[in-house]
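A.B. asks: Numbering (our numbering), first residue to last: 558 to 694.
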Amino acid sequence: MLRHIWFAMFGGVVFLAVLTVSIGSADDGEEVSGGSMKRFDARTKTCRLLSDQNLIVGYRNFQAVCKSCHNRENEQGAKFLYTESKTRRAWERVFTKMYPVCAKDGSWDRLATEDLLKVQDYLFVNAAGTYDSRCAA
Ligand code: HEC
558 MLRHIWFAMF
568 GGVVFLAVLT
578 VSIGSADDGE
588 EVSGGSMKRF
598 DARTKTCRLL
608 SDQNLIVGYR
618 NFQAVCKSCH
628 NRENEQGAKF
638 LYTESKTRRA
648 WERVFTKMYP
658 VCAKDGSWDR
668 LATEDLLKVQ
678 DYLFVNAAGT
688 YDSRCAA
């Protein structure tokens, strides 16, 4: 009897430990105090603070530049894109490798480096697979 209780307790501790580790590693971004997160930017090798201000500017830049072509009814032949079109990793590839034709033909030039980094911050936070029910209002 005593042995059963002991095993049940031990099992619970192991389960909790595994749960904590898996929740802790689910996020690529590192939580900092105040609820905001950080993102390591591979292209510029800088640490980005994902402040509300940066995210708002990123959203506006994405709408004004990227979405001017990547909207549903564009005539530029660009595919419809929104934040959840890609995962964090896929968006990161877009910006570090700069593989899209539009990045190569100068369509991104309206955005200075810092403005482009904010677009990336915004996409990082809102990418596919980042929905967190604990943060839902
Ligand atoms: C002047 C129009 C234009 C602008 C502005 C533009 N794009 Fe594009 N983009 C295109 C076209 C045309 C293609 C090639 C067709 C396609 O794959 O959508 C393309 C391709 C892409 C692709 C490859 C498609 C895919 O799903 O992988 C990505 C990613 C992309 N653009 C992202 C962006 C981002 C991010 C911005 C803003 C920083 C941007 N584009 C701004 C026209 C544009």
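Here a beta-carbon is modelled for each residue, glycine too, at the ideal position from N, C-alpha and C.
Evaluate N618 with the Cβ neighbour count: other Cβ atoms within 10 Å of its Cβ, from every protein chain shown; 16 or more gives buried, anything less gives exposed.
C.D. replies: Against the sequence shown, residue 618 aligns to sequence position 61. It is buried - the Cβ of N618 has at least 16 other Cβ atoms within 10 Å.
A.B. asks: Which class does R557 belong to by DSSP, given the choice of helix, strand or coil?
C.D. replies: Within the shown structure, residues of the chain are numbered from 558 to 694, placing residue 557 beyond reach of any answer.
A.B. asks: Enumerate in chain order the residues of its own chain whose CB-to-CB distance from L668 is below 8 Å, with the five nearest sequence positions on each side excluded.
C.D. replies: Taking the sequence shown and counting its residues from 1, the one referred to as residue 668 is at position 111. Cβ within range, chain order: N618, V622, V676.
A.B. asks: When the Cα atoms are used, what is the spatial distance from L606 to G663?
C.D. replies: Indexing the sequence shown from 1 puts residue 606 at position 49. Indexing the sequence shown from 1 puts residue 663 at position 106. For L606 and G663, the distance between alpha carbons rounds to 27 Å.
A.B. asks: Given this structure, state the Cα-to-Cα distance separating E649 from A599, to the nearest angstrom.
C.D. replies: As a first step, residue 649 must be located in the sequence shown, where it is residue number 92. As a first step, residue 599 must be located in the sequence shown, where it is residue number 42. Going by the C-alpha atoms only, they are around 8 Å apart.
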